[in-house]
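The block underneath contains the structure these notes are about, expressed in structure tokens.
Protein chains: 2
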Amino acid sequence: MTLVAAPARLSTQSATFEADFQARLHWSADTDAAIEQRVADILADVQHRGDAAVLAYTQRFDGLEAADMSALELSQAELKAAFDSLPEAQRQALEQAARRVRSYHEAQKKASGESWSYRDEDGTLLGQKVTPLDRVGIYVPGGKAAYPSSVLMNAIPAHVAGVGEIIMVVPTPKGEKNALVLAAAYVAGVSRAFTIGGAQAVAALAYGTATVPKVDKITGPGNAYVASAKKRVFGTVGIDMIAGPSEILVLADGSTPADWVAMDLFSQAEHDELAQSILLCPDAAYLDAVQREIDRLLPTMPRAAIIAKSLSDRGALILTRDMEEACAISNRIAPEHLEVSSRDPHRWEPLLKHAGAIFLGAFTSESLGDYCAGPNHVLPTSGTARFSSPLGVYDFQKRSSLIEVSEAGAQTLGRIAAELAYGEGLQAHAQAAEMRLKR
Amino acid sequence: MTLVAAPARLSTQSATFEADFQARLHWSADTDAAIEQRVADILADVQHRGDAAVLAYTQRFDGLEAADMSALELSQAELKAAFDSLPEAQRQALEQAARRVRSYHEAQKKASGESWSYRDEDGTLLGQKVTPLDRVGIYVPGGKAAYPSSVLMNAIPAHVAGVGEIIMVVPTPKGEKNALVLAAAYVAGVSRAFTIGGAQAVAALAYGTATVPKVDKITGPGNAYVASAKKRVFGTVGIDMIAGPSEILVLADGSTPADWVAMDLFSQAEHDELAQSILLCPDAAYLDAVQREIDRLLPTMPRAAIIAKSLSDRGALILTRDMEEACAISNRIAPEHLEVSSRDPHRWEPLLKHAGAIFLGAFTSESLGDYCAGPNHVLPTSGTARFSSPLGVYDFQKRSSLIEVSEAGAQTLGRIAAELAYGEGLQAHAQAAEMRLKR
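Heads up: the protein sequence lines correspond to chains A and B, in order.
All letters in the first sequence, in the order written, are residues 1 to 439 by UniProt numbering.
All letters in the second sequence, in the order written, are residues 1 to 439 by UniProt numbering.
What follows is the structure, given as structure tokens:
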């Protein structure tokens, strides 16, 4: 059977564009009631029975037997041994990627994550103190898709933020451990690691068990059970976000080699049949050229079947009137990954309002950002870039307001506060302010 | 009947302290399954029927008849008229409070909310672009407890962030409008306002209707229906947080007049019978003095019944070994409001890791912070200050990573990325990087 990758060909000048475009974008995050109920049961069970419940589910779902939870903890020595076992090239790549990711997040902390304060003329001090979380949990998917890069992208910002303890959980179905994942935990400075996964691992982190310490926040991607569990424990602990399928949007002016762009579309499509790859360009001949490269390159790809289905079901090559219109459409989509594959990317960047990460110029393939450019690859999906941000140092910090009202300040502020408090019918508020006034 | 406010008297040296302390702190945010189901139904109905459903629920729950949704919109003229109708002292207090809140949040934006970038030696650009949300919704409770200060605290940071459009919803049961709330909307620069509330208002904002525009994020406190609706639309839109009962913790060294501290405990307790007021002090005689002031002042308070119940059910006066221990206990509680009522507050502040807002020194009553010191009064409750922050400009902004890899950078990064991508079995990722290498 010959595989065909046939992204939809749309044109903004077509009368049916709006409907076609909406149909292509449609993706429903509808939750499965059966999954929701099973997750609720697992959470309640772990909350009550602790380690015993985690052990039982790990045996049932991962086929992993253990006498007790301590047998499911990976020692630091085991993480280091995994690192030492890697080929030299992989070891170096991991370390270089970690170094770049660390230095980007250090810049991020410096730019937006430091405490600040100022004093009013009357001596009143106002500010905000920024402190790291005490302890966080990182969920790392195991089994089929094992992503060591995700270990770096979750653990390093936590480390840079100054988090005291980073607890990793990673399922190892049938006991199969991924050496790259363990090595990444070693490189990223994970404090403790357990070979547990699913809703039971989220529950262990959120509530704590005799063996697994309770954390303050849980980050990292997972399957439908993990996503449902994270959403359910939100409030007891912090969570990062609930990720949908991955997406790339390429804005092209036609100046980038067509095979580069085709491969960039593939690199999103190969993740998942639900992944979405979209190309916007004002040049119809260029869209044709990219389609030709898609056809030529597809048979060479090991994951061709996934790529073909993803591009055919959810991909699109869209002809726009001009680059300005392409930017406007991009803002409507608010993509996770946005490549500006243009000779003049800085002309278009100011027009782009909503995106998880913006990749400027032909040399900036999205895959460089996924692994080692420095910025985080955990990004808002499904249009949530309209209101949320890449995972960052700020996700592992919290802020406390600081207020020190001087005696002089209390005279001015006390009158304003009392007036408004009486207006709201809160007399104790008013009197607490009035007691600080000089008689 | 004589009201009695009898907070628990605990001592950290007592053998039963740990159990007594845990019992006092216990508060369950357990959700009511019946409310959950009704909220789910209301959301689905508004999503399908739009304005018609919102009108029907507003009529049913608020007793408010209207021919169509446009009749439930408050005009800018009406907001201004409400402001003009206020007594001069209230007008001035609102404006002065707004000015201080605005200037604090401008400082916050400058300190942590600006875009940044840097270039590597090889010319690669890395950074983050910070942009405001396009449109946000602010939920303002109506009816019994109407809080104009909450309008300022939600709308002003959004305004300072540069949000394009701020949509306020406020229920007006039986058509009763609160002039101070409308005036606060005028002062804070709300773009549009609708007299709707409950889950139906949250649904209208999250999904949009013919009349109410869809927003990107919803902030602001509300009752159990509003909280459940916000949690349910999380993901479709952003939300701020789910607030529990309000709390104050006072760390006292005994140097503040005891009646000031008693009134500060009242000012939290008067909010709600579930509110929690705790005093920690190493001086037993001072705890006695505060209890005497509680007994003396209680009969003078209009909201004495609520205060008495809140203090008796959930309040505590705790004797600690020393101030260090008091700080450690405070960190376990992670209170919403934390007063350091000490002669030397800067000695203790560095020991305080988790709190929504820290009020330093005897003159800094929490009520000054509630209204007009400048920092936000929307703060994390129920121990969530361990992982979350006051509402701020950052809640109305989002970040996009910026990456521009130079041709030289692509040579270094491409090799690292390809090595790791092959390790993860993602060949298109690897080849997208390799295509950018010079042959």
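Idealized CB from N, CA, C, for every residue including glycine.
- Scanning B:260, B:22, B:380 for the CA closest to the CA of residue 240 of chain B turns up B:380.
- Cβ contact annotation for residue 413 of chain A (same chain, cutoff 8 Å, sequence separation greater than five): 124, 405, 433, in chain order.
- The way I'd put it, the stretch 260 to 273 of chain B does touch the stretch 305 to 320 of chain B; three or more beta-carbon pairs between them come closer than 8 Å.
- Per DSSP, the unbroken beta strand (DSSP E) holding residue 252 of chain A starts and ends at 247 to 252.
- Nearest neighbour of residue 326 of chain B by Cα position, chosen from B:61, B:395, B:252, B:346, turns out to be B:252.
- One Cα belongs to residue 137 of chain A, the other to residue 2 of chain A, and the distance between them is close to 44 Å.
- One Cα belongs to residue 156 of chain A, the other to residue 191 of chain A, and the distance between them is close to 12 Å.
- Taken in chain order, the whole beta strand (DSSP E) runs of length 3 or more contained in the stretch 142 to 229 of chain B are 165 to 169, 192 to 194, 217 to 219.
- In the structure shown, the three-state DSSP call for residue 91 of chain A is helix.
- By the neighbour-count definition (other C-beta atoms within 10 Å, threshold 16), residue 185 of chain B is a buried residue.
- With a minimum length of 3 residues, the unbroken runs of beta strand (DSSP E) contained wholly in the stretch 251 to 316 of chain B fall at 276 to 281.
- Closer than 8 Å at the C-beta level to chain A, one finds these residues of the stretch 426 to 438 of chain B: 426, 427, 428, 429, 430, 431, 432, 433, 435, 436.
- Only residues of its own chain outside the window of five on either side were considered, and among them 252, 254, 258 have a CB closer than 8 Å to the CB of residue 286 of chain A, listed in chain order.
- In the three-state reduction of the DSSP assignment, residue 335 of chain B falls in the coil class.
- Contact with chain A is found for residue 363 of chain B, since one of that chain's Cβ atoms lies less than 7 Å from the residue's Cβ.
- If you draw a straight line from the Cα of residue 223 of chain A to the Cα of residue 171 of chain A, it comes to about 12 Å.
- Cβ-Cβ distances below 6 Å link residue 129 of chain B to 115, 400, 402 in the same chain, with the five nearest sequence neighbours on each side left out; the list follows chain order.
- Looking from the CA of residue 339 of chain A, the closest CA among A:281, A:293, A:388 belongs to A:281.
- Of the residues B:269, B:332, B:418, the one whose Cα lies closest to the Cα of residue 427 of chain A is B:269.
- One Cα belongs to residue 38 of chain B, the other to residue 127 of chain A, and the distance between them is close to 42 Å.
- Distance from the CA atom of residue 88 of chain B to the CA atom of residue 419 of chain A, rounded to whole angstroms, is 11 Å.
- When the alpha-carbon of residue 277 of chain B is set against those of B:174, B:90, B:316, the nearest one is in B:316.
- At a cut-off of 3 residues, the continuous stretches assigned as beta strand (DSSP E) that sit fully inside the stretch 343 to 393 of chain B are 357 to 360.
- Within the stretch 97 to 151 of chain A, the complete beta strand (DSSP E) segments at least 3 residues long are 116 to 119, 125 to 132, 135 to 139, listed from N- to C-terminus.
- As DSSP reads the structure, residue 80 of chain B sits in no beta bridge.
- Taken in chain order, the members of the stretch 197 to 228 of chain A whose beta-carbon sits within less than 8 Å of a beta-carbon on chain B are 216, 217.
- DSSP places residue 403 of chain A inside the beta strand (DSSP E), whose first and last residues are 397 to 404.
- Going by C-alpha positions, residue 334 of chain B is about 6 Å away from residue 385 of chain B.
- Burial check for residue 423 of chain B: the Cβ neighbour count within 10 Å reaches 16 or more, so the residue is buried.
- Flagged as an interface residue toward chain B: residue 264 of chain A, by a C-beta distance shorter than 7 Å.
- Counting along the chain, the unbroken alpha helix (DSSP H) around residue 24 of chain B starts and ends at 17 to 25.
- The DSSP-derived three-state label of residue 426 of chain A is coil.
- What residue 232 of chain B touches in chain A, judged by beta-carbon distance under 8 Å, is nothing: the nearest beta carbon there is about 10 Å away.
- Separation of the CB atoms of residue 58 of chain B and residue 291 of chain B is rounded to 47 Å, and the pair is thereby denied contact status at 8 Å.
- Taking C-alpha positions only, residue 11 of chain A is separated from residue 75 of chain A by approximately 56 Å.
- Between residue 225 of chain A and the set A:350, A:438, A:42, the nearest pair of CA atoms involves A:42.
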